[in-house]
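Working notes, structure below.
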Amino acid sequence: MMRSLNFLIFTLTLASCGVGVDEVAHNGVCDGYTDSQNSDYVLPYPAGMTFEVSQGNCSAVSHRGEQRYAYDFAMDIGSDIAAIREGVVTKVEESNEDGNGCSSGDNHIHIKHSDGSEAIYVHLTLNGALAEVGDTVAQGEVIAKSGNTGCSSGAHLHLQVELGGSSIPLTFSNAQANPRGLVSGQSYAAQ
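Right, dumping it as structure tokens:
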């Protein structure tokens with residue numbers, strides 16, 4: 006009886022966290038955000054575009070542990086992805102077909118910033134990288150096209166910035182106020 010009750014509580018908790026409510030609302034595990042007005046980062050798409058955050062930070066679905074500060078943006082295949090900060094392209098993979106599944110790799114682009122952090126943009130479409138290794142990209146420059154490659158439940162952009170092997174908390178200066186990061190289920194217009 007106790008075991009089935011614990012399983013029920015666990016299942017209900019997972020369900021409530023996985024439908025737009027991030028863990029931060031439940032137990033405060035996400036912290037360390039900077040003031041969004043002074044953030045070094047902008048949204049990962051061009052000004053004037055709006056996308057929904059399909060999964061935010063510290064979610065019960067997959068943004069846990071080293072990836073706890075990752076974001077998923079619901080984007081159709083071929084949507085423009087912009088650099089969130091100026092940097093140098095350090096890695097590009099773009100040879101995988103959309104819908105290839107978890108057994109195959111995902112397409113991605115990595116951009117290293119001046120402070121040593123690295124932005125990682127994942128699930129790009131086939132041949133979706135618009136920058137090459139060694140290129141310096143400007144903040145807001147279109148660098149890739151979104152897709153549905155690798156272990157993905159549908160077309161979207163997975164974004165995280167890593168420092169020392171773990172994701173770091175991000176806010177975005179060109180979005181509506183987001184003092185504790187972007188919220189799952191909300192749409193954000195890039196200003």
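Residues in the sequence shown are numbered from 6 upward in steps of one, following this note's numbering.
Note that the Cβ used here is the ideal one computed from N, Cα and C, for glycine as well.
F177 has no beta-bridge partner at all, per DSSP.
Under the three-state reduction of DSSP output, E91 falls in the coil class, being neither helix nor strand. For N183, the CB contacts under 7 Å within the same chain, skipping 5 residues up- and downstream, are S41, T176, F177 in chain order. The closest CA to that of N179, considering only Y38, I89, H68, is found on I89. In terms of Cα proximity to S158, the closest of D140, A149, H128 is H128. One Cα belongs to Y193, the other to I148, and the distance between them is close to 20 Å. Setting aside the 5 residues that flank it on each side, E98 is surrounded in the same chain by N112, H113, each with a C-beta closer than 6 Å to its C-beta; the list follows chain order. By the CB criterion at 8 Å, F78 and S109 fall outside the cutoff. Relative to E137, the option among Y74, Y46, K117 whose CA is nearest is K117.
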